[in-house]
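These notes concern the structure reproduced below.
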Amino acid sequence: MEGFSVEEALERVLRLTSEANRWRLRETVNLIASENVMSPLAVKAYMSDFMYRYAEGKPFKRYYQGTRYIDELEVFTTEIISRLLKTEYVELRPISGTIANASVFRVLADPGDSAVIAPVQAGAHVSHTKFGTLGALGIRHVEMPYDAENMNVDVDGAVKLIEEVRPKFAVLGGSVYLFPHPVREIADAIHSVGGKLVYDAAHVLGLIVGGVWRNPLEHGADAMTASTHKTFPGPQGGLIAFTDKALYKKVSKTIFPWFLSNHHLHRIPALAVTALEMAKYGHEYAKAIVENARHFAESLAAEGFEVIGERLGYTRSHQVLIDVRKQGRGAKAAKMLEEANIIVNKNLLPWDPPEAVKDPSGLRLGVQEVTRWGMGKGEMEEVARLMAEVLIKGRDPQEVRKKVVEFRKEYTKINYSLEGDLETILDLTL
Ligand SMILES: *Cc1c(COP(=O)(O)O)cnc(C)c1O
Numbered sequence: 502m503e504g505f506s507v508e509e510a511l512e513r514v515l516r517l518t519s520e521a522n523r524w525r526l527r528e529t530v531n532l533i534a535s536e537n538v539m540s541p542l543a544v545k546a547y548m549s550d551f552m553y554r555y556a557e558g559k560p561f562k563r564y565y566q567g568t569r570y571i572d573e574l575e576v577f578t579t580e581i582i583s584r585l586l587k588t589e590y591v592e593l594r595p596i597s598g599t600i601a602n603a604s605v606f607r608v609l610a611d612p613g614d615s616a617v618i619a620p621v622q623a624g625a626h627v628s629h630t631k632f633g634t635l636g637a638l639g640i641r642h643v644e645m646p647y648d649a650e651n652m653n654v655d656v657d658g659a660v661k662l663i664e665e666v667r668p669k670f671a672v673l674g675g676s677v678y679l680f681p682h683p684v685r686e687i688a689d690a691i692h693s694v695g696g697k698l699v700y701d702a703a704h705v706l707g708l709i710v711g712g713v714w715r716n717p718l719e720h721g722a723d724a725m726t727a728s729t730h731k732t733f734p735g736p737q738g739g740l741i742a743f744t745d746k747a748l749y750k751k752v753s754k755t756i757f758p759w760f761l762s763n764h765h766l767h768r769i770p771a772l773a774v775t776a777l778e779m780a781k782y783g784h785e786y787a788k789a790i791v792e793n794a795r796h797f798a799e800s801l802a803a804e805g806f807e808v809i810g811e812r813l814g815y816t817r818s819h820q821v822l823i824d825v826r827k828q829g830r831g832a833k834a835a836k837m838l839e840e841a842n843i844i845v846n847k848n849l850l851p852w853d854p855p856e857a858v859k860d861p862s863g864l865r866l867g868v869q870e871v872t873r874w875g876m877g878k879g880e881m882e883e884v885a886r887l888m889a890e891v892l893i894k895g896r897d898p899q900e901v902r903k904k905v906v907e908f909r910k911e912y913t914k915i916n917y918s919l920e921g922d923l924e925t926i927l928d929l930t931l
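For the sequence shown, the working numbering assigns the number 502 to the initial residue and increments by one for each residue that follows.
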């Protein structure tokens with residue numbers, strides 16, 4: 502290449518990648534609520550020949566040859582996930598939570614139809630809104646009213662709205678998600694007008710599998726979409742589980758070719774390994790996550806932070822929300838914490854207008870990843886202390902960073918995971 506050294510370029514690419522690995526996996530405390538890490542065994546299963554292949558269509562009915570192993574593996578993984586979610590109808594092909602939502606929304610409604618969604622203040626994801634996937638599909642976005650006192654959907658208002666609008670479907674579940682949405686009440690209301698309930702479990706799939714968050718499929722949801730890499734610590738991707746067989750069949754028939762061609766086959770064995778880890782350790786893991794979140798919230802409050810939801814017990818999920826208006830608002834606070842190697846995201850709080858998205862009042866903190874690295878209550882107190890040093894006590898973030906790097910050195914093992922030196926038995930990676 503003219504004026505361009507391949508060797509230098511290569512050095513730069515590899516350096517950026519390995520530095521990112523060291524920084525994010527070894528030196529930072531990651532509190533991004535939508536992320537997690539896979540176990541070494543799942544990573545090994547991820548790095549397979551499947552990453553080079555296509556398998557359009559459904560198992561054993563593909564448009565390509567050479568698919569006999571992925572056929573069997575996809576059917577078997579579907580069975581494992583079905584057992585965890587207690588429903589027969591599972592679709593693993595969505596390559597992300599957003600694609601899962603698009604696939605279900607499009608089957609349930611035509612352009613011009615309406616959907617009633619949870620209020621943005623109660624955590625609805627952008628893909629549920631007119632600004633995102635719902636809007637791109639031409640489906641009308643009607644928002645349920647918000648109950649500020651309970652930081653949740655206003656149930657009576659939502660039921661009335663559903664009776665008036667008679668939408669094709671309603672959506673619950675969210676991204677900023679401290680307390681469970683009222684699934685049964687909204688399911689009854691939407692069913693009474695002939696619509697369906699979609700529950701978006703992107704954030705809480707791991708908590709549902711671990712039995713510490715209500716499984717919406719057992720409380721009236723017709724479909725549950727999810728990401729497989731948030732509290733469920735698998736490969737980046739999506740899935741859909743259904744109680745409604747007819748809906749399952751329609752989505753399964755249209756997801757290819759409407760929303761994907763390749764479904765990124767190498768996700769499937771990694772998803773299966775993670776599902777087996779969750780079958781074995783999921784309850785213990787999920788329980789530790791919600792206990793850590795609650796204790797983290799209490800520790801942050803004790804350090805002088807304004808933690809959201811005190812009256813309601815702060816949180817029942819993996820997330821904690823703090824109001825940092827006194828610390829210079831979300832953008833600045835998040836940046837200062839990053840300088841100290843504590844990674845968080847700025848977030849709108851219920852009173853923020855949507856325009857405040859670039860510099861909102863709050864920070865969203867998730868403890869699912871640090872829990873997987875083996876942190877418990879004492880560590881939650883320590884992280885709260887380190888955050889207070891930066892944001893309340895005005896210490897130099899660069900100085901705090903040294904402490905964070907030192908603190909992080911203890912946590913090098915991914916917990917709640919299956920070990921196994923399968924290399925000696927199977928050549929998984931070649
Ligand atoms: C993260 C998220 C999604 C999108 O998932 P991707 O896998 O990133 O596409 C959808 N819904 C909710 C509620 C989310 O939090």
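Heads up, the beta-carbon is just placed ideally off N, CA and C, and yes, glycines get one too.
Span of the beta strand (DSSP E) holding residue i?
i, result
"Thr726", "724–728"
"Leu673", "670–673"
"Lys836", "No beta strand (DSSP E) holds Lys836; the alpha helix (DSSP H) holding it covers 830–840."
"Asp701", "697–701"
"Tyr590", "590–592"
Which value, in whole angstroms, describes the spacing of the CA atoms of residue i and residue j?
i, j, result
"Ser549", "Val808", "44 Å"
"Asp648", "Ala671", "17 Å"
"Gly739", "Tyr553", "19 Å"
"Glu811", "Arg516", "44 Å"
"Leu748", "Ser604", "11 Å"
"Thr729", "Arg685", "24 Å"
"Lys731", "Glu503", "43 Å"
"Gly895", "Asp824", "17 Å"
"Leu822", "Phe680", "12 Å"
"Asn793", "Ala510", "43 Å"
"Gly639", "Val627", "14 Å"
"Lys910", "Gly877", "15 Å"
"Ser597", "Val705", "15 Å"
"Thr579", "Tyr786", "22 Å"
"Ile663", "Asp655", "12 Å"
"Tyr700", "Val710", "15 Å"
"His767", "Glu557", "14 Å"
"Arg569", "Arg795", "46 Å"
"Pro560", "Glu536", "29 Å"
"Asn651", "Leu635", "26 Å"
"Gly831", "Gly863", "5 Å"
"Phe505", "Glu512", "12 Å"
"Gly523", "Val643", "First, the residue type needs correcting, since residue 523 is Arg and not Gly in the sequence shown. Answer to the nearest angstrom: the Cα atoms are 44 Å apart."
"Glu573", "Gly567", "12 Å"
"Gln622", "Phe632", "15 Å"
"Ile741", "Pro898", "42 Å"
"Ala835", "Ile687", "35 Å"
Compute the beta-carbon to beta-carbon distance between residue i and residue j, rounded to the nearest angstrom, for a pair I have assumed lies under 8 Å.
i, j, result
"Leu887", "Val868", "14 Å between Cβ atoms; not a contact."
"Ala616", "Ala625", "With a Cβ gap of about 11 Å, Ala616 and Ala625 do not count as contacting."
"Phe757", "Arg594", "7 Å"
"Asp745", "Lys669", "Between Lys669 and Asp745 the Cβ distance is about 13 Å, and since that is not below 8 Å, they are no contact."
"Leu532", "Leu892", "Wrong, their Cβ atoms sit about 13 Å apart, outside the cutoff."
"Met881", "Ser800", "5 Å"
"Phe806", "Val884", "The pair is not a contact, with the Cβ atoms about 12 Å apart (cut-off 8 Å)."
"Leu718", "Lys587", "7 Å"
Grouping DSSP H, G and I as helix and E and B as strand, with all else coil, what is residue i?
i, result
"Lys859", "helix"
"Asn848", "strand"
"Tyr565", "coil"
"Ser615", "strand"
"Tyr555", "coil"
"Gly867", "strand"
"Ile596", "coil"
"Asp550", "helix"
"Asp824", "strand"
"Thr925", "Here Thr925 scores only 42 on pLDDT, less than 50, and its place in the model is too uncertain to base an answer on."
"Val684", "helix"
"Ile571", "helix"
"Asp648", "strand"
"Ile843", "strand"
"Asn602", "helix"
Which residue marks the beginning of the alpha helix (DSSP H) containing residue i, and which one marks its end?
i, result
"Ala889", "878–892"
"Glu644", "Note, Glu644: premise wrong, no alpha helix (DSSP H); beta strand (DSSP E) at 641–644."
"Glu907", "898–909"
"Arg525", "Careful: Arg525 lies outside any alpha helix (DSSP H) and carries neither H nor E."
"Asp657", "656–666"
"Leu635", "634–637"
"Gly875", "Note, Gly875: premise wrong, no alpha helix (DSSP H); not H, not E."
"Val710", "706–710"
| In the region 712–776, which residue ranges form an unbroken beta strand (DSSP E) of at least 3 residues, counting only runs that do not cross its ends? | 724–728, 739–743
| said: Threshold first: 4 residues or longer. Then list the alpha helix (DSSP H) segments lying entirely within the region 781–817, N to C. | reply: The qualifying runs do not exist here; there are none.
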